[in-house]
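Have a look at the structure below before the remarks.
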Amino acid sequence: MSSPATNPTPAADVVSNGQQQQQPQLSAEQQQQIAQAQAMTPPAAAAHPSPSASLYVGELDPTVTEAMLFEAFNLVGPVASIRVCRDAVTRRSLGYAYVNYHNVVDGERALESLNYTLIKGRPCRIMWSQRDPSLRKTGSGNVFIKNLDPTIDNKALHDTFSAFGNILSCKIALDESGNSKGYGFVHYETEEAAQSAIKHVNGMLLNDKKVYVGHHIPRKERQAKIEELKAKFTNVYVKNLDEKVDDKALEELFGKYGKITSAVVQKDDEGKSKGFGFVNYENFEDARKAVAELHEKEHNGKALFVARAQKKAEREEELRKQYEQAKLEKLAKYQGVNLYIKNLDDDIDDDKLRQEFSVYGVITSAKVMRDEKENSKGFGFVCFSEPDEATRAITEANGRMIGSKPIYVALAQRKEVRRSQLEAQMAQRNQLRMQQAVPIPGAPGYIPGAPMFYAPNGFMAQGQRPVFPPNGMMPRPRWAPQQGQQIPVPGYPQGPGFGPNVQQGGRPSRQPRPPRGGGAAGRAAGQRKLSSQGRNNASDANAAAQEPQQQQQQQANGPEALTAASLAAAAPEMQKQMLGERLYPLIHASQPEFSGKITGMLLEMDNSELLNLIEDKAALDAKINEAMEVLKAHLAASEEPKAEASA
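According to the working numbering, the sequence shown holds residues 4 to 650 in order.
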């Protein structure tokens with residue numbers, strides 16, 4: 004690693020990937036102090052390269068991949084390996100990665116040149132990978148800085164504090180929007196460097212703001228200190244005061260329990276009491292006694308609320324915990340009796356929902372969720388009095404037709420629980436898909452000539468539009484032709500006497516071949532062959548003669564109507580195939596060229612919605628038009644690179 008950076012120039016602009024970053028403004032006296040501290044830095048604070056060439060890269064955008072990091076880090080030196088750390092279940096990026104070089108020199112060069120550079124619009128934070136966690140847990144050399152100007156970022160903080168020693172890690176705390184929270188941390192390699200930084204920077208003006216620099220205190224120690232301060236409070240908050248109570252009356256009321264340093268009733272702009280105030284005692288014992296004696300005591304016809312005065316953030320955190328606790332208790336109370344119902348018609352209201360489910364037991368509440376305009380959102384909740392009643396409702400009502408749609412009924416779950424279950428299911432489906440072999444000609448579900456498609460990131464989430472790979476590749480429909488349906492194979496003449504034709508499962512249908520030879524000899528040879536194989540049985544001959552007639556009749560009558568009950572009775576892996584068999588002819592009638600692609604896109608929807616599309620032609624046409632817009636946009640996007648290449 005390189006030696007500590009030199010003292011930053013006041014108001015210097017550091018260019019990183021074309022973006023300017025403002026350095027903290029320091030006075031001439033402050034610059035001189037930092038220069039003296041840098042000259043006095045002991046040799047122990049000098050840079051010591053890590054024995055391994057492994058770098059930690061943090062603050063990454065969730066969409067950053069190993070390939071993107073390779074493009075950036077391989078420019079410095081040959082990279083041995085790169086790994087973006089991901090969640091074990093969802094496979095989502097955790098926002099950090101490890102880059103391993105073949106030698107330490109390349110790692111030092113990458114740390115010096117790429118630290119805080121922009122990757123997909125976010126500055127990355129690079130440090131040596133610390134295999135031993137004891138260095139982080141001890142907190143030795145860790146410095147906490149607060150009251151920072153919002154314009155100071157990670158690089159500016161690093162450049163300011165690098166004058167005092169080798170920095171292992173430097174970070175500004177950010178909120179959800181990516182804005183600075185006004186504090187940060189600098190972790191030095193040695194405790195001497197941390198002491199020097201505290202000595203020279205604490206109380207210094209950075210961008211006209213006086214900053215505090217001190218040793219970082221672990222969270223457990225901070226919590227213990229906070230609890231100790233809470234126990235020794237002297238400031239008391241009182242509310243629900245009568246409007247006639249002023250500062251003097253408040254002091255008289257609370258003065259009985261000890262010496263008071265101040266007593267104030269909060270007033271509005273017109274000088275009227277807001278109904279609350281603060282009383283500060285000299286000793287914490289007196290404050291605790293006042294809270295115990297006056298809380299919920301009646302004064303001027305009102306019950307007082309007296310408690311330890313809290314900061315706004317502390318009060319909000321306490322209220323949030325109370326809300327979460329009450330929510331958990333409520334969920335535990337209704338566990339196993341509260342049902343979630345979706346796919347409801349728009350005209351179903353609370354009374355109709357209660358009426359439909361009242362046959363299963365005693366209902367304590369039934370509600371259809373509505374938007375701001377009081378329109379139904381298509382789902383609701385029904386709460387029963389007993390778990391057995393709820394179980395019966397799930398068993399009998401799930402898939403039942405109410406109005407024009409089959410409803411979905413299940414136990415109500417918290418959003419976090421449901422999300423984690425869906426992510427686990429998606430990960431499992433993704434793993435199964437990766438384990439599936441490439442379709443083999445002749446195997447069930449194989450369609451000759453269908454384009455192959457492998458989803459790069461597994462199955463798509465609910466409601467997400469399909470992502471198509473380049474070169475016009477489209478998803479392969481995950482369904483097989485109907486029983487007896489024949490699909491012509493390109494390149495072969497079609498019609499009676501010609502073949503091959505593809506039957507269910509993709510197996511070419513064999514046409515009978517006349518025996519070798521001609522005339523009576525040929526016919527006799529054919530009869531002998533049938534006799535030797537046991538095919539001269541009369542019943543077999545009749546069945547063989549009736550089979551084409553049955554297939555023709557089935558094709559003329561069309562496939563059997565698909566209902567929610569028959570779909571639910573089928574195996575989960577066959578349900579999409581059954582729906583695809585019904586959807587494909589309907590889509591082929593209006594869009595024969597893209598019928599296979601559109602069918603594959605629509606099969607990503609819920610089964611209940613697909614059933615509705617089969618029955619509702621208008622809804623199906625709307626979905627087909629929407630899919631065609633997506634296909635046209637994809638085809639137009641794929642044509643642009645070709646046009647540029649030809650130009």
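All C-beta atoms in this analysis are idealised placements derived from N, C-alpha and C, irrespective of residue type, glycine included.
Complete runs of the alpha helix (DSSP H) confined to the region 90-163 [at least 4 residues]: Runs of alpha helix (DSSP H) with 4 or more residues, each lying fully within the region 90-163, are found at 107-117 and 137-141, listed in chain order.
Pick from Leu623, Tyr240 and Lys174 that is closest to glutamate 299, judged by C-alpha positions: Closest by alpha carbon: Tyr240.
Proximity of lysine 408 and aspartate 354 at Cβ, strictly below 8 angstroms: No, Cβ-Cβ distance for lysine 408 and aspartate 354 is not below 8 angstroms.
When Tyr104, Arg125 and Glu115 are compared against threonine 66, the one with the closest alpha-carbon: Among Tyr104, Arg125 and Glu115, the Cα nearest to that of threonine 66 belongs to Arg125.
CB of valine 340 within 8 angstroms of CB of alanine 413, strictly: It is not a contact, given that the beta carbons lie outside the stated cut-off.
Proximity winner among Leu586, Glu389, Lys174 and Asn118, relative to glycine 599 (alpha-carbon distances): Leu586 is the residue among Leu586, Glu389, Lys174 and Asn118 whose C-alpha sits nearest the C-alpha of glycine 599.
Residue span of the beta strand (DSSP E) that contains phenylalanine 236, given as start and end: Where phenylalanine 236 is concerned, there is no enclosing beta strand (DSSP E), given that its DSSP letter is neither H nor E.
Nonlocal neighbours in the same chain, by C-beta distance under 8 angstroms from alanine 430, ignoring five residues either side: The residues Val92, Thr93, Arg94 and Gly461, in chain order, have a CB closer than 8 angstroms to that of alanine 430 in the same chain once the five nearest residues on each side in sequence are set aside.
Whole-number beta carbon distance between glycine 280 and valine 268, since they are thought to touch under 8 angstroms: Confirmed, about 4 angstroms.
Range of the contiguous beta strand (DSSP E) that encloses isoleucine 170: Looking at the DSSP string, the run of the beta strand (DSSP E) that includes isoleucine 170 is 170-177.
Whole-Å CB distance - lysine 233 paired with arginine 311, under 8 angstroms assumed: By a beta-carbon distance limit of 8 angstroms, lysine 233 contacts arginine 311. Their separation comes to about 7 angstroms.
Rounded separation between alanine 100 and arginine 112 - CA only: Alanine 100 and arginine 112 have their C-alpha atoms roughly 18 angstroms apart.
Secondary structure of histidine 591, DSSP reduced to three states: Three-state result, histidine 591: helix.
Selection from Arg403, Ser379, Val365 and Glu375 that minimises the alpha carbon distance to valine 385: For valine 385, the nearest C-alpha among the options comes from Val365.
Residue burial classification, glycine 521 (beta-carbon count within 10 angstroms, cutoff 16): Low per-residue confidence applies at glycine 521: pLDDT is 44, beneath 50, and the placement is therefore not dependable enough to give any value.
Cβ-based burial, leucine 322 [other Cβ within 10 Å; buried from 16]: Leucine 322 comes out exposed.
Residue range of the beta strand (DSSP E) that includes methionine 372: First-last of the beta strand (DSSP E) with methionine 372: 366-373.
The region 273-292 in contact with the region 250-263 per 3-pair CB rule at 8 angstroms: Cβ pair count under 8 angstroms is three or more, so yes.
Tyrosine 495 in three-state terms, based on DSSP: Residue placement at tyrosine 495 cannot be trusted, given a pLDDT of 39 that sits under 50; the coordinates are not used to answer.
Same chain, Cβ closer than 8 angstroms to proline 153, neighbours up to 5 away in sequence not counted: Cβ neighbours of proline 153 beyond the five flanking positions: Asn182, Ser183 and Gly185.
Neighbourhood of alanine 568 by C-beta, 7 angstroms cutoff - its chain only, sequence neighbours within 5 removed: If you ignore the 5 residues before and after alanine 568, its C-beta comes within less than 7 angstroms of the C-beta of Gly402, all in its own chain and listed in chain order.
Alpha-carbon spacing of lysine 292 relative to glutamate 179, whole angstroms: Computed Cα separation, rounded: 42 angstroms.
8 angstroms Cβ cutoff met for alanine 197 and asparagine 145: Closer than 8 angstroms, so yes.
Closest Cα partner of asparagine 210 within the set Tyr337, Ser199, Val189 and Thr163: Nearest C-alpha to asparagine 210: Thr163.
Residues bridged to alanine 306 [DSSP beta-bridge criterion]: Answer is Glu301.
Contact under 8 angstroms by Cβ, phenylalanine 382 with tyrosine 343: Yes, they are a contact pair.
Burial state of threonine 193, where buried means 16 or more other Cβ atoms lie within 10 Å: When all chains shown are included, threonine 193 counts as buried.
C-alpha gap between glutamate 320 and lysine 212, whole angstroms: Those two C-alpha atoms are separated by around 28 angstroms.
Between the CA atoms of leucine 334 and asparagine 3 - distance to the nearest angstrom: Limits of the chain in this structure are 4 at one end and 650 at the other, which puts residue 3 out of reach.
Candidates Leu582, Met608 and Glu426, of which the one nearest aspartate 90 by Cα: Distances from the alpha-carbon of aspartate 90 to those of Leu582, Met608 and Glu426 put Glu426 closest.
Helix, strand or coil at arginine 395 according to DSSP, with G and I counted as helix: Judged by DSSP in its simplified three-state form, arginine 395 adopts helix.
Beta carbon of glutamate 62 nearer than 8 angstroms to that of glycine 98: Result yes, Cβ atoms of glutamate 62 and glycine 98 sit closer than 8 angstroms.
Residues bridged to arginine 435 (per DSSP): Position check: residue 435 holds leucine in this sequence, whereas arginine was assumed. Leucine 435 is not bridged to any residue.
Pair within 8 angstroms by beta-carbon distance, alanine 214 and asparagine 150: First, the residue type needs correcting, since residue 214 is valine and not alanine in the sequence shown. Cβ distance < 8 angstroms, so valine 214 and asparagine 150 count as in contact.
For lysine 345: DSSP bridge partner residues: Beta-bridge pairing links lysine 345 to Phe382 and Tyr411.
Bridge partner(s) assigned by DSSP for isoleucine 263: Listed as beta-bridge partners of isoleucine 263 by DSSP are Tyr284.
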